[in-house]
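Heads up, the sequence shown is in the working numbering, so the first residue is 180 and it goes up one at a time.
Note that CB positions come from ideal geometry on N, CA and C, so glycine has one too.
Computed from a predicted structure; not experimentally measured.
This report concerns only the one structure given below.
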Amino acid sequence: MKKWRTEVLGHQIKGKSIVWSECRVLSLRGPNKGAPIAKPTRVDYASDARQLEQSGDAKFPLSDPQILRKIRKLLSPWLPMPTHYNGLKNTLNRVFLHAVQEGLIDRNPMIDIRKAAEEKRQVLIPDEAYRKITEHLCVHRHNKRDMDGTWRAKICDLIYMMSQQPIDVFNLKESQGELYDKPIDRGDYFAYGVIRFARHKTKIGIELEMNEDLADLWKWFVEFKRKEAVISEYLLVYPRYFDKRSRAQQVKHRTMQAAWRDACKKAGYGGMYHLRDLRKKGLTEEFLSQGENDKGGHETEAMRNHYRLIKPPKRARTTIKFDREQKTK
180 MKKWRTEVLG HQIKGKSIVW SECRVLSLRG PNKGAPIAKP TRVDYASDAR QLEQSGDAKF
240 PLSDPQILRK IRKLLSPWLP MPTHYNGLKN TLNRVFLHAV QEGLIDRNPM IDIRKAAEEK
300 RQVLIPDEAY RKITEHLCVH RHNKRDMDGT WRAKICDLIY MMSQQPIDVF NLKESQGELY
360 DKPIDRGDYF AYGVIRFARH KTKIGIELEM NEDLADLWKW FVEFKRKEAV ISEYLLVYPR
420 YFDKRSRAQQ VKHRTMQAAW RDACKKAGYG GMYHLRDLRK KGLTEEFLSQ GENDKGGHET
480 EAMRNHYRLI KPPKRARTTI KFDREQKTK
């Protein structure tokens, strides 16, 4: 475990400092497939590996004939915490995958280790709670100064209106949106544009037609980039008041997750609502509004029902409208 962490992951501790070196752990999927994993993922793997190293049950050879039993015993203390258990399991999977690639073992034993069952979230964010949380996002405390954080609230609006997983929204490129010169009459609604993308998880292509509100929101981000003098293929970028490493770069999922958590606490909701809950909120409201649709990009009825938290007695479109009161300075 330690050898993998230090030599393959490139994580070492010297004194009180962490020293990073070349990373030979590669992404297995997504747009960065085949490239070294991102720094936040390396940090997570390193933390998991160190935690496992400190367990007395971690000392067994890769060729141990009872390796499955040893792995289960190693992971057993975290069974009451299924999310963390599955994270540790994933880290171990990368360790054994590397061992297979190096010819040290013939087969990855983690294939036979089941994930811990995680309770499905059944949380629907009320409009009032969403309004309060995003109001706090509109004020961004950065470097001891209050900055205009409207862009953060607008990103939440985009996730909500598109009703997609946050990672798919953060990866959007400006070229993937087309705004029509004139709205197109579809009979029972008008389409003001279309967003073309593929879900990272299933690779299912989606053409999401925009209502007027979503089209205006897309224009807002394009105009925001122009005002900030940002040249980037990505739609969602950090403003110029960020430091040199981040300004004008693609907004990261983790940054917004942290901002959402902080705003949720300030609004008095603690950790009750998560950023990813906006997808369920959007899909549930779309189902109530337009009935059966393919906006979620799901292939099975079970998954459609999973994201529809209210059941009332296929062309995808957006019908959500959301108005936030603008505070005048």
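Put simply, the backbone Cα of R365 is about 17 Å away from that of L393. Here the C-alpha atom of L231 lies approximately 16 Å from the C-alpha atom of V187.
Spanning the alpha carbons of Q280 and S206 requires a straight line of approximately 15 Å.
A distance below 9 Å separates the beta carbons of C335 and L457. Relative to S234, the option among P215, S255, Y224, P418 whose CA is nearest is S255.
Contact annotation: I216 and V198 have beta-carbon atoms that are not nearer than 9 Å. Rounded to the nearest whole angstrom, the CA to CA distance from V373 to W397 is 10 Å.
Beta-bridge partners assigned by DSSP to A377: G384. Per DSSP, the beta bridge partners of Y413 are K352.
Counted as a single uninterrupted DSSP element, the stretch harbouring I197 is not any alpha helix (DSSP H) but the beta strand (DSSP E) occupying residues 196-199. Setting aside the 5 residues that flank it on each side, I338 is surrounded in the same chain by P345, V348, L457, each with a C-beta closer than 6 Å to its C-beta; the list follows chain order. For G372, the beta-bridge partners assigned by DSSP are L358, M389. Two segments are said to touch when three or more pairs of C-beta atoms, one from each, lie closer than 8 Å; by this definition the region 427-436 touches the region 396-414. The shortest C-alpha to C-alpha distance from G356 to any of T329, I363, E388 is the one to E388. For Q436, the uninterrupted alpha helix (DSSP H) run begins and ends at 432-445, by DSSP. Residues of the same chain with a CB within less than 6 Å of the CB of L283, apart from the 5 flanking positions on each side, are L241 in chain order. Around the beta carbon of S200, fewer than 16 other beta carbons lie within 10 angstroms, which makes this residue exposed. Assigned with DSSP and collapsed to three states, L267 falls in helix.
Per DSSP, R503 is not a residue of any beta strand (DSSP E), being assigned neither H nor E. In this structure, K181 places its C-beta atom within 9 Å of the C-beta atom of A228. Counted as a single uninterrupted DSSP element, the stretch harbouring K252 is not any beta strand (DSSP E) but the alpha helix (DSSP H) occupying residues 246-254.
In the assembly as shown, A296 is an exposed residue. Its beta-carbon has fewer than 16 other beta-carbons within 10 Å.
Per the DSSP secondary-structure output, V318 pairs in a beta bridge with D327. The DSSP-derived three-state label of I312 is helix. The three-state secondary structure of R419, taken from DSSP, is coil.
Residue pairing by DSSP places D364 opposite F369 in a beta bridge. Across the set A370, E353, L351, N350, the C-alpha of A370 shows the shortest separation from the C-alpha of Y359.
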